[in-house]
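Notes follow once the structure below has been shown.
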Amino acid sequence: MFQFTADALSDYWGLSNGTSSAVSAAFADELDVLASSDMLATIDSFGSSAQSLAAVEETYFTTLNTFQTALQGLQAAVGQSVSRGAEFREQLQLIPPGAKGPERKNDLRAWAKYYGQFYSRYSEGLNREYDTILHGGVIGIDQSFGHLLLGISGGVGNYRTTDTADSEETLEAFHGALYGTYGIQRGYLDAGIAYGYNKVETTTGGAFTLNGEFDAQIISAYFGGGYDLVDTEGGTVFTPEASIQYSIYEQEAYSETSDNAVPRNIDAFDADSLRSSIGLNLSTLNTTRFETFGFKLDGRLHWLHEFNADPGDMSFSLAGGTGNYQLALPLLDQETFRVGFGFSFFNTLRQKPKNVLFRFDFDEFFGNGFNAHNLSAKVIYAF
């Protein structure tokens with residue numbers, strides 16, 4: 031016999047007596063009516079009413095942060111296109127001579143890049159600690175017209191998030207971007223717009239399993255600029271840089287399925303992000319040359335600020351129910367510091383435009399309650 035046979039769930043959990051929980055008495059009363067005998071048996075199997083309340087609370091009132099994952103994926107894609115402008119500014123030739131404006135005209139180039147990110151977020155309120163692994167590839171093609179570079183890029187990614195209760199979310203991402211950069215003397219401006227489409231699958235962990243599938247879209251616009259300060263004696267280029275990026279996220283409504291719990295009907299959800307970046311880039315002025323190849327080194331230190339850290343609440347109802355309930359998404363990372371370095375190398379035996387350039391980058395992102403490691407590898411080919 032269930033421990034709460036004679037009492038409603040709200041009484042069993044003490045919600046009528048002021049027990050603090052995201053689970054309301056109204057939610058408990060509705061769950062009492064809709065839950066199957068198997069779910070009620072699972073609730074009864076916990077060692078105490080507090081443990082079963084915590085399990086229900088974590089299942090129904092927490093969620094993995096799809097918005098942040100989709101945002102990180104698209105920001106990574108935009109970042110690959112923006113970095114293409116930096117290569118353009120070192121003259122459109124494969125042996126960069128330093129911080130000079132673009133000189134070669136009407137050059138058509140193709141590039142491809144792999145990116146990976148390993149992100150860890152600590153627990154926050156009801157939301158548990160989770161890890162996200164992002165892998166993706168971007169290909170692009172661009173054309174230079176004097177001091178102007180215009181290009182288009184696109185790619186795919188696979189992102190997977192897991193938390194400490196074995197909840198899991200996977201995103202199959204597709205994205206495209208238009209980008210441009212304009213450089214004159216030592217200053218430059220970058221701009222871009224990108225669109226991402228994500229197919230998402232989710233599974234909750236713990237005692238109750240809810241499965242969901244839905245589509246989410248995100249569009250992002252970027253604008254930035256900087257100025258090269260050249261130390262010819264020390265052989266170093268200092269580049270103060272600032273940028274702003276605005277993103278809009280939309281997630282469709284969907285209904286979950288479950289074999290051992292009452293599913294949720296999740297309402298459509300939208301949110302936005304406004305992120306600024308201020309920092310300093312450092313690079314060697316001249317190429318280090320060896321007998322058959324040359325390379326250049328660079329580093330960066332940036333501060334990123336998110337103006338819309340709170341994405342708001344997501345609403346849902348129970349399948350077969352009439353009540354409407356709210357769950358809070360994890361906050362976006364408000365203050366982020368980025369430290370990174372990169373190097374490029376290329377063949378020095380051939381000076382023709384059809385040379386190939388290889389580039390590798392590593393960046394560390396850290397802030398309050400999280401850290402991330404980014405790795406990327408890129409190849410550029412001149413037609």
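Going by my numbering, the final residue of the sequence shown carries number 413, and the count climbs one at a time with no gaps. Where a beta carbon is used, it is the ideal one built from N, C-alpha and C, also for glycine.
Euclidean distance between Cα positions of residue i and residue j
i, j, result
"L387", "L138", "14 Å"
"P341", "N377", "48 Å"
"E231", "L94", "11 Å"
"D391", "K143", "11 Å"
"I410", "L201", "28 Å"
"K326", "L259", "17 Å"
"V292", "S82", "15 Å"
"T352", "S345", "13 Å"
"K408", "G181", "16 Å"
"I125", "G370", "Model confidence at I125 stands at a pLDDT of 31, short of 50, so the residue's coordinates are unreliable; what they give is reported in the following sentence. Each residue's Cα considered, the two are about 22 Å apart."
"F395", "Y145", "15 Å"
"T13", "D37", "Nothing about residue 13 can be read from this structure; the chain reaches only from 31 to 413."
"A298", "A349", "15 Å"
"F320", "F375", "11 Å"
"G397", "R158", "17 Å"
"S50", "Q102", "34 Å"
"A100", "T191", "11 Å"
"Q275", "G166", "21 Å"
"E271", "F244", "38 Å"
Cβ distance (whole Å) where residue i is taken to contact residue j below 8 Å
i, j, result
"L61", "A224", "Not confirmed; about 41 Å, so no contact."
"N354", "D328", "N354 to D328, Cβ: 52 Å. No contact."
"L315", "T266", "6 Å"
"G235", "H205", "At roughly 28 Å, the Cβ-Cβ gap does not stay under 8 Å, so G235 and H205 are not in contact."
Check whether residue i and residue j have beta carbons under 8 Å apart
i, j, result
"A203", "N228", "yes"
"D161", "Y152", "no"
"A251", "A107", "no"
"R330", "R389", "no"
"G255", "G210", "no"
"S277", "I248", "yes"
"L45", "A52", "no"
"A85", "A237", "yes"
"L362", "T92", "no"
"Q281", "D302", "no"
"D393", "N404", "yes"
"Y189", "L219", "no"
"T366", "N290", "no"
"T428", "A339", "Not covered by the structure: residue 428. The range shown for the chain is 31 to 413."
"G177", "G213", "The sequence given here has His at residue 177, not Gly. Yes. Within cutoff."
Residue closest to residue i, alpha-carbon to alpha-carbon, out of the options
i, options, result
"W333", "S306, F320, F346", "S306"
"A221", "D363, G236, V267, S273", "S273"
"S288", "G226, Y42, D68, Q364", "D68"
"I296", "G213, L178, F253, D343", "D343"
"S78", "W43, E88, L64, A100", "W43"
"E336", "I308, T318, T317", "I308"
Minimum Cβ-Cβ distance from residue i to chain D less than 8 Å
i, result
"K326", "In the displayed structure, chain D is absent; only one protein chain is listed."
Does the segment 166 to 176 come close enough to the segment 192 to 201 to have 3 or more Cβ pairs within less than 8 Å?
-> No contact exists between the segment 166 to 176 and the segment 192 to 201.
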